[in-house]
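In the numbering used here, the protein residues as written are 57 to 489.
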Ligand SMILES: Cc1ncc(COP(=O)(O)O)c(C=O)c1O
């Protein structure tokens with residue numbers, strides 16, 4: 057069975073087909089995207105039919121920052137495997153990783169571990185609520201799938217609009233949580249103060265991604281920190297996407313504004329399941345006043361992979377490489393757009409880069425781009441998350457293909473570009489299928 061057919065089949069067995077919305081083929085090119093891989097190495101992926109692609113898209117939603125199946129990380133993992141990944145005793149890598157993370161983030165003294173991002177955010181919020189003995193969470197941005205977050209949509213299905221996941225339905229989230237999490241717009245302290253008027257004493261946590269598309273305004277983060285202190289609330293930085301993209305550790309290190317808790321997942325272990333919640337001793341000790349405990353959080357592969365990933369990141373100055381590659385790709389899009397007189401908007405940090413067509417047919421044009429790039433041997437998408445495995449030669453080959461495909465888009469009738477369905481623009485429609 058080829059990838060697209062296997063995906064159709066999967067929908068009879070797995071609700072929604074995949075475990076992550078962002079890996080659904082509808083997000084890229086419905087009916088065409090290869091959907092499944094049999095092998096991934098460096099910047100290359102082989103689909104189930106054995107066809108080879110260079111991945112110039114999301115690199116496993118940014119998780120594989122060193123590239124796929126990195127030898128150094130995998131060697132460390134294989135060594136752990138051979139010596140047992142679980143036992144009645146704990147693995148000492150937990151302690152070594154805690155030392156590494158607190159060395160990188162000197163404001164933090166303590167660490168807890170889980171194995172995925174949304175789960176880590178739930179733990180962070182639980183600790184904040186336990187430590188403040190208050191309930192209300194103010195947040196901006198996307199923070200995962202769990203109840204504390206989706207509660208923002210209870211009674212008002214538009215609560216999460218503008219926070220990356222418009223239209224999310226909170227079915228199954230207890231209605232009693234209504235009013236327990238309130239989204240706020242970024243870069244606007246005055247409206248945040250207005251939003252919580254009368255509830256100032258209830259605020260347990262302020263949760264924000266310190267950077268997403270672009271660098272955060274440092275002054276704003278400072279104001280947010282001051283507000284959290286004034287309210288007696290815990291400031292939580294969700295670094296699940298932003299960490300290790302521009303520097304080793306949290307992106308907040310670039311701004312010099314330190315939270316009370318920071319959360320890492322995704323690329324901290326180069327694709328192996330691992331997540332960490334780090335924080336000040338005062339706040340983190342509250343984890344002892346509640347119950348946060350799980351068998352699989354004690355397995356050895358996650359911390360082993362994280363140690364190997366972070367050490368290699370530091371040793372090889374991975375940030376310098378991925379920033380350079382990301383900037384090269386942004387330039388490729390700009391140059392090809394200029395050559396073909398296409399209205400292309402390029403944005404994002406170099407390591408979280410993206411482009412769009414300034415056209416009402418943007419969605420169809422982006423889908424065409426992805427479909428056509430497959431023909432040229434690339435997983436190509438409107439987003440690009442560079443890895444240490446990408447080379448300038450990859451970018452040069454990619455540039456030639458982008459030039460051809462942008463040229464095709466420029467000369468086609470944009471209202472009639474595709475013979476296959478248009479990609480979904482966000483999470484909205486996917487939650488309904
Ligand atoms: C900022 C942020 N928070 C939370 C999450 C959820 O992480 P996970 O998908 O590992 O549950 C993500 C994932 O995209 C994220 O980018």
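A virtual CB, placed ideally from N, CA and C, is assigned to each residue, including glycine. All figures in this text were calculated on a predicted structure; none of them were measured in a lab.
Going by the CB atoms, is the gap between residue 443 and residue 115 shorter than 8 Å? Here residue 115 refers to the residue found at position 59 of the chain shown. Here residue 443 refers to the residue found at position 387 of the chain shown. Taking 8 Å as the Cβ cut-off, residue 115 and residue 443 qualify as a contacting pair.
Taking residue 184 as the reference, which of 276, 260, 474, 151 has the closest Cα? On the chain shown, residue 184 is found 128 positions in, with the first residue counted as 1. Among 276, 260, 474, 151, the Cα nearest to that of residue 184 belongs to 260.
Residue interval of the alpha helix (DSSP H) (run including residue 95): Position 39 of the chain shown, counted from the first residue, corresponds to residue 95. Premise fails: residue 95 lies in the beta strand (DSSP E), 93-97, not in any alpha helix (DSSP H).
Three or more C-beta pairs closer than 8 Å, one from the segment 289-302 and one from the segment 143-153: is that the case here? no
Please state whether the Cβ-Cβ distance between residue 206 and residue 258 is less than 8 Å. Here residue 206 is taken as the residue at index 150 of the chain shown, counted from 1. Here residue 258 is taken as the residue at index 202 of the chain shown, counted from 1. Contact: no.
Identify the residues that DSSP records as bridge partners of residue 239: which are they? Within the chain shown, numbered from 1, the residue matching residue 239 stands at position 183. Answer is 195, bridged to residue 239.
Closest by C-alpha distance to residue 282, when choosing among 83, 262, 74, 181: Here residue 282 is taken as the residue at index 226 of the chain shown, counted from 1. When only C-alpha atoms are compared, the closest one is 262.
Can you name, in chain order, every residue of its own chain whose Cβ lies under 6 Å from the Cβ of residue 459, other than the five neighbours on each side? Counted from its first residue, the chain shown places residue 459 at position 403. Only 392 meet the Cβ criterion.
Secondary structure of residue 335, DSSP reduced to three states: Counting from one through the chain shown, the residue named residue 335 turns up at place 279. The answer is strand: DSSP assigns residue 335 an E or B state.
Best match in 455, 358, 324, 421 for proximity to residue 135 [C-alpha to C-alpha]: By one-based count along the chain shown, residue 135 stands at place 79. When only C-alpha atoms are compared, the closest one is 358.
Euclidean distance between Cα positions of residue 450 and residue 121: Numbered from its first residue, the chain shown carries residue 450 at position 394. Numbered from its first residue, the chain shown carries residue 121 at position 65. Rounded to the nearest angstrom, the two C-alpha atoms are 16 Å apart.
Exposure label - residue 113; buried when at least 16 CB within 10 Å: As a working mapping, residue 113 is identified with position 57 in the chain shown. Looking at its Cβ environment, which holds 16 or more other Cβ atoms inside 10 Å, residue 113 is buried.
Beta carbon of residue 11 nearer than 8 Å to that of residue 59: Because the chain is modelled from 57 through 489, residue 11 falls outside the range shown and cannot be assessed.
Leaving aside the five residues before and after residue 481 along the sequence, list all residues of the same chain whose C-beta is less than 7 Å from its C-beta, in chain order. Mapped onto the chain shown, residue 481 falls at position 425. Closer than 7 Å at Cβ, skipping near neighbours: 419.
Cα separation between residue 402 and residue 383? By 1-based counting over the chain shown, the position of residue 402 is 346. By 1-based counting over the chain shown, the position of residue 383 is 327. The straight-line gap from Cα to Cα measures roughly 11 Å.
Out of 235, 180, 239, 400, which one is the CA nearest neighbour of residue 491? Nothing can be reported for residue 491, as the shown portion of the chain is limited to 57 through 489.
Selected residue, minimal CA-CA separation from residue 288, among 469, 255, 305: As a first step, residue 288 must be located in the chain shown, where it is residue number 232. Among 469, 255, 305, the Cα nearest to that of residue 288 is on 255.
With distances taken between CB atoms, is the gap from residue 304 to residue 320 smaller than 8 Å? Your numbering for residue 304 matches position 248 in the chain shown. Your numbering for residue 320 matches position 264 in the chain shown. Contact: no.
Between residue 337 and residue 227, what straight-line distance do the alpha-carbon atoms span, to the nearest angstrom? Within the chain shown, residue 337 is the residue found at index 281, counting from 1. Within the chain shown, residue 227 is the residue found at index 171, counting from 1. As the crow flies, the alpha-carbon of residue 337 is around 36 Å from that of residue 227.
According to DSSP, is residue 225 helix, strand or coil? Within the chain shown, residue 225 is the residue found at index 169, counting from 1. Note: residue 225 maps to coil in three-state DSSP.
Given 7 Å as the limit, tell me if residue 321 has its C-beta closer than that to any heavy atom belonging to ligand 1. Here residue 321 refers to the residue found at position 265 of the chain shown. Checking the Cβ of residue 321 against ligand 1 gives yes.
Near residue 167, what residues of its chain come up, given a Cβ to Cβ distance below 6 Å and the 5 sequence neighbours on each side ignored? As a working mapping, residue 167 is identified with position 111 in the chain shown. Closer than 6 Å at the Cβ level, and outside the excluded window around residue 167, lie 154, 157, 332, 334.
Cβ-heavy atom distance between residue 277 and ligand 1 below 7 Å? For the purposes of this step, residue 277 is identified with residue 221 of the chain shown, where counting begins at 1. Residue 277 Cβ: outside cutoff for every heavy atom of ligand 1.
Given a cut-off of 8 Å, decide if residue 84 and residue 445 are closer than it, judged by their beta-carbon atoms. The residue labelled residue 445 in the question sits at position 389 within the chain shown. The residue labelled residue 84 in the question sits at position 28 within the chain shown. Not in contact: residue 445 and residue 84 (Cβ atoms no closer than 8 Å).
Give, in chain order, every unbroken run of the alpha helix (DSSP H) that is at least 4 residues long and sits entirely within the segment 104-175. Annotation: the segment 104-175 contains the following complete segments of the alpha helix (DSSP H) (minimum length 4 residues), in chain order: 127-138, 149-160.
Does ligand 1 have even one heavy atom less than 7 Å from the beta-carbon of residue 173? As a position in the chain shown, residue 173 is number 117, starting the count at 1. A heavy atom of ligand 1 is found nearer than 7 Å to the CB of residue 173.
Please list the segments of the alpha helix (DSSP H) lying wholly inside the segment 291-378, counting only runs of 4 or more residues, in order along the chain. 308-311, 337-340, 357-371
Given that a residue counts as buried once 16 or more other Cβ atoms are within 10 Å of its Cβ, and exposed if not, what is residue 414? The count along the chain shown starts at 1 and reaches residue 414 at position 358. Residue 414 should be labelled exposed.
Just the Cα atoms here: how many angstroms apart are residue 106 and residue 377? Within the chain shown, residue 106 is the residue found at index 50, counting from 1. Within the chain shown, residue 377 is the residue found at index 321, counting from 1. Using only the alpha carbons, I get a separation of about 29 Å.
Residue 372, buried or exposed, once every other Cβ within 10 Å from all chains shown has been counted against 16: As a first step, residue 372 is located in the chain shown; it is residue number 316 there, counting from the start. Exposed, because fewer than 16 other Cβ atoms sit within 10 Å of the Cβ of residue 372.
Is any non-hydrogen atom of ligand 1 found closer than 7 Å to the C-beta of residue 297, if you look at the structure I gave you? Taking the first residue of the chain shown as 1, we reach residue 297 at position 241. Yes, the beta carbon of residue 297 sits closer than 7 Å to at least one heavy atom of ligand 1.
Can you tell me the Cα-Cα spacing of residue 81 and residue 455, whole angstroms? The residue you call residue 81 lines up with position 25 of the chain shown. The residue you call residue 455 lines up with position 399 of the chain shown. When rounded, the distance between both Cα atoms is 24 Å.
Name the residue from 237, 101, 147, 73 whose alpha carbon lies nearest to the alpha carbon of residue 352. Position 296 of the chain shown, counted from the first residue, corresponds to residue 352. Checking every option, the nearest Cα to that of residue 352 belongs to 147.
Under the DSSP definition of a beta bridge, which residues are partnered with residue 264? Locating residue 264 in the chain shown gives position 208, counting from the first residue. The partner list for residue 264 (beta bridge, DSSP) reads 293.
Taking the alpha-carbon of residue 389 as reference, which of 436, 347, 264, 325 has the nearest alpha-carbon? Looking up residue 389 in the chain shown gives position 333. If we check each option's Cα against that of residue 389, 436 comes out closest.
In this structure, how does DSSP classify residue 102 when only helix, strand and coil are distinguished? For this step, residue 102 is matched to residue 46 along the chain shown. Note: residue 102 maps to strand in three-state DSSP.
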